[in-house]
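See structure below.
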Amino acid sequence: MPGWLRRLSLRNKLVLTILVCLVLPSVVSMNVSSLFTRDAVRSQVTDSSRESNRIVSQIVNAQIKNMIYVMNFIQFDEELQPSIRELGRANEGTDKGDVLQYKQTITKKMSTVIDSFGNLSVTVLLPNKEYVASYTTFSFNPTDFMKKSWFSAVEQVSGYNVLWIGSEPNYSELTNQPYLLSAAKPLRKNDVTYGYVIVGLDPRLLQELFNQYHNNESMAIIDQQGRILVDKDSSTIGTIFPYFDQIPKEDGSSFVKVAGEDYILLSSHVTPEWQLVNMSPYKAAAHKIESFRKTDFLIQLFFLVLFAVTLLYMVRTLTKPIARLVQTVVRIESGQLGERSNISGVDEVGRLGYVFDRMIDRIELMLEENRREQELKRMAELAMLQAQINPHFLFNVLNSIRLKIMMKGDSENAELISSLSSLLRMTINRNNEYIPLHEEIEIIEHYVRLLNSRHGDRVNLRISAASDTLLIEIPRFLLQPLIENAYIHGLKSKPGEITIASRICEDGRLQLEVRDSGIGMTLERLEELRSHLVTLPMKHHQASRSPSLSGIGLQNVLERLRIIYGHRFDYEIGSGPDQGTQIVLRFPQQTGKEG
Numbered sequence: 001m002p003g004w005l006r007r008l009s010l011r012n013k014l015v016l017t018i019l020v021c022l023v024l025p026s027v028v029s030m031n032v033s034s035l036f037t038r039d040a041v042r043s044q045v046t047d048s049s050r051e052s053n054r055i056v057s058q059i060v061n062a063q064i065k066n067m068i069y070v071m072n073f074i075q076f077d078e079e080l081q082p083s084i085r086e087l088g089r090a091n092e093g094t095d096k097g098d099v100l101q102y103k104q105t106i107t108k109k110m111s112t113v114i115d116s117f118g119n120l121s122v123t124v125l126l127p128n129k130e131y132v133a134s135y136t137t138f139s140f141n142p143t144d145f146m147k148k149s150w151f152s153a154v155e156q157v158s159g160y161n162v163l164w165i166g167s168e169p170n171y172s173e174l175t176n177q178p179y180l181l182s183a184a185k186p187l188r189k190n191d192v193t194y195g196y197v198i199v200g201l202d203p204r205l206l207q208e209l210f211n212q213y214h215n216n217e218s219m220a221i222i223d224q225q226g227r228i229l230v231d232k233d234s235s236t237i238g239t240i241f242p243y244f245d246q247i248p249k250e251d252g253s254s255f256v257k258v259a260g261e262d263y264i265l266l267s268s269h270v271t272p273e274w275q276l277v278n279m280s281p282y283k284a285a286a287h288k289i290e291s292f293r294k295t296d297f298l299i300q301l302f303f304l305v306l307f308a309v310t311l312l313y314m315v316r317t318l319t320k321p322i323a324r325l326v327q328t329v330v331r332i333e334s335g336q337l338g339e340r341s342n343i344s345g346v347d348e349v350g351r352l353g354y355v356f357d358r359m360i361d362r363i364e365l366m367l368e369e370n371r372r373e374q375e376l377k378r379m380a381e382l383a384m385l386q387a388q389i390n391p392h393f394l395f396n397v398l399n400s401i402r403l404k405i406m407m408k409g410d411s412e413n414a415e416l417i418s419s420l421s422s423l424l425r426m427t428i429n430r431n432n433e434y435i436p437l438h439e440e441i442e443i444i445e446h447y448v449r450l451l452n453s454r455h456g457d458r459v460n461l462r463i464s465a466a467s468d469t470l471l472i473e474i475p476r477f478l479l480q481p482l483i484e485n486a487y488i489h490g491l492k493s494k495p496g497e498i499t500i501a502s503r504i505c506e507d508g509r510l511q512l513e514v515r516d517s518g519i520g521m522t523l524e525r526l527e528e529l530r531s532h533l534v535t536l537p538m539k540h541h542q543a544s545r546s547p548s549l550s551g552i553g554l555q556n557v558l559e560r561l562r563i564i565y566g567h568r569f570d571y572e573i574g575s576g577p578d579q580g581t582q583i584v585l586r587f588p589q590q591t592g593k594e595g
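Each residue of the sequence shown is one higher than the one before, starting from 1 at the first, in the UniProt record's numbering.
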């Protein structure tokens, strides 16, 4: 050992040992690692650009899906198809009033979907040159579509596929953009084409999205031939993307040279024929990462020196709050969400403890907000169910039909129309979420009467409700899904009996029972159903589905009651082969509640 080292104090020897054994290897390691991180930086920059491209691609895909949704809606909606086919069969001998009625029906039905998007121009074109458009046709005749070079290709589209046309000169007054991003598909039934639907997308939203990025970045949508369909510069639309031949074969990335500077070229398909391309300068994207790496290096070096100087003190100081934080985490893991570490300070551990406590606070708040959100969703579903048609118009029409039928002596069908009108009036013209039990039963009686008229008096509805339960208010649409479930799955749409019973339990709760005389279930199937209802979350309705009286379902009924009454609600499901199925619901009673 050198003489000068022997003369050092023990503290200095420890300091020197820490500097040599800890600081020097760390500094050497950081410098060596920086030499091998260039590829990592390049990959990181590419990933960052790919993430931006992915976000934009999602927005573009959403617009494309809107176009597809509108075309599918027009093709498959059961109310639109008859009117479209009748309009397609119209000729010079067809009554003009009928033609106008067909067009009004199609326009009204289409507007319910198109108005929710706001940036689509839709045309329904028929072989007899009749048409319905969502825009004015003073300056453009939709039959001119038949003269387009691409129109013959629409007929060749197979199955439910779509012809992605590309950029078409603007024909709609709904936008001042020079071009519309267009697509078309044939309307077929039994392999016979009875019309065509053409949808044009206003590209303004996409251009605004592209403009949000740096001026040096270039985003565009191109077709298979490399023609630009959408760009933030409208003057380039229709021209060939200059780096089309360098786009990767599959969705991915590559590097191209532009004026001696590296650019990252990314692509992703938004349809089978269209793809989104993004070019961004590598140097500008990597600048922030390189700056971050340098800053990170300096911070690491600073804390490394600080750690070497205060190592022993910090070990003893830091382990205490860390141990306390671990204990808090263990208690929270066991379900005690009210536990907090109460660790404070300006160092990393103190910030970690503070952020952790605030995170648990937010989790508790989010759980409560989620519960309220689920309840609001149920209310929104009911509101959507009740707001699809104009009640006054519908009731007036139904009453007019009923009177006409009665005047012709058909009292049976007039009574069915009356039941339908009453059923719709009770389900639509109400703002309250809760109704008395006797009103809910009345809804079921109308429902079963209509069901029997459809299937030939197959269901015998038996009511066994205690008189002291009739005024108790229950959530609206509670029994109808259970009745429908009993008819479809219990009776298998065959003749049988469905019983509704109610009584007051000993603990004061209301008990409702629905049972059928159907085929029942085996014990294994019953246990599977019970497990399914306990373990699976309720599936929400998709926005693309039209609501209906039968769209709520058994699982939704149980979930609604859990949200409303919590642990005060319970249910039982019993069944046996050829013994029918019974569903028993118990929840607190309430009277005189205004919804």
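Even for Gly, the Cβ is constructed at its ideal location relative to N, Cα and C.
In the three-state reduction of the DSSP assignment, serine 182 falls in the strand class, which pools E and B. When the five nearest sequence neighbours on each side are left out, the beta carbons in the same chain lying within less than 7 angstroms of the beta carbon of tyrosine 131 are those of Thr123, Val124, Leu125, Pro142, Thr143, in order along the chain.
Around the Cβ of leucine 337, a 10 Å sphere holds fewer than 16 other Cβ atoms; the residue is exposed. The alpha carbon of leucine 206 has as its nearest neighbour, out of Gln480, Val514, Leu229, the alpha carbon of Leu229.
If you ignore the 5 residues before and after glutamate 339, its C-beta comes within less than 6 angstroms of the C-beta of Thr328, Arg331, Ile332, all in its own chain and listed in chain order.
Checking the DSSP bridge columns, you'll see lysine 189 partnered with Val192.
Straight across, the Cα-Cα distance linking glutamate 497 with threonine 112 is about 40 angstroms. With fewer than 16 neighbouring CB atoms inside 10 Å of its own CB, isoleucine 299 falls in the exposed class. Using a Cβ distance threshold of 9 angstroms, valine 270 and valine 70 do not count as a contacting pair. In terms of Cβ geometry, leucine 201 and glutamine 58 do not form a close pair [threshold 9 angstroms].
For aspartate 98, the enclosing alpha helix (DSSP H) covers residues 96-114. For threonine 193, the CB contacts under 6 angstroms within the same chain, skipping 5 residues up- and downstream, are Pro186 in chain order.
When Cβ pairs closer than 8 angstroms are counted between the two stretches, the stretch 96-113 is seen not to touch the stretch 163-180, the count staying below three. Put simply, the stretch 511-528 touches the stretch 570-588. At least three CB pairs are less than 8 angstroms apart. Asparagine 460 sits in a strand when the DSSP states are folded into three classes.
In this structure, alanine 466 places its C-beta atom within 9 angstroms of the C-beta atom of isoleucine 504. With respect to the 9 angstroms criterion, isoleucine 519 and leucine 491 are classified as neighbours on the basis of their beta carbons.
Secondary structure at leucine 174: coil, using DSSP grouped into helix, strand and coil.
Assignment of asparagine 61 by DSSP, reduced to helix, strand and coil, places it in the helix class. The residue among Phe302, Pro321, Ala153 with its C-alpha nearest the C-alpha of valine 346 is Pro321. Contact annotation: the stretch 470-484 does not touch the stretch 403-413, with fewer than three C-beta pairs closer than 8 angstroms. Secondary-structure assignment with DSSP links isoleucine 498 through a beta bridge to Leu461, Asp516.
For serine 83, the enclosing alpha helix (DSSP H) starts and ends at 80-88.
Under the three-state reduction of DSSP, leucine 306 is assigned to helix.
Contact between isoleucine 463 and isoleucine 500 holds, with the beta-carbon distance rounding to 5 angstroms and staying under 8 angstroms. Nearest Cα to histidine 532 within the set Ser267, Leu554, Phe303: Leu554. With a cutoff of 9 angstroms on beta-carbon distance, leucine 423 and isoleucine 443 are scored as near each other.
A distance below 6 angstroms between beta-carbons, with the five flanking residues on each side excluded, links glycine 118 to no residue of its chain. Taken in chain order, the complete beta strand (DSSP E) segments of 3 or more residues contained in the stretch 223-285 are 228-231, 253-258, 261-269, 275-281. When the Cα atoms are used, histidine 567 and glutamate 368 turn out to be separated by approximately 16 angstroms. The secondary-structure analysis by DSSP pairs glutamine 582 across a beta bridge with Arg515, Gly574.
Boundaries of the beta strand (DSSP E) harbouring valine 122: 120-125, taken from the DSSP string.
Taking 9 angstroms as the cut-off, the beta carbon of serine 419 is found no closer than this to the beta carbon of leucine 461. In this structure, the straight-line span from the alpha carbon of lysine 189 to that of threonine 107 is close to 21 angstroms. About 5 angstroms separates the Cβ atoms of glutamate 513 and valine 584, confirming a contact at the 8 angstroms cut-off.
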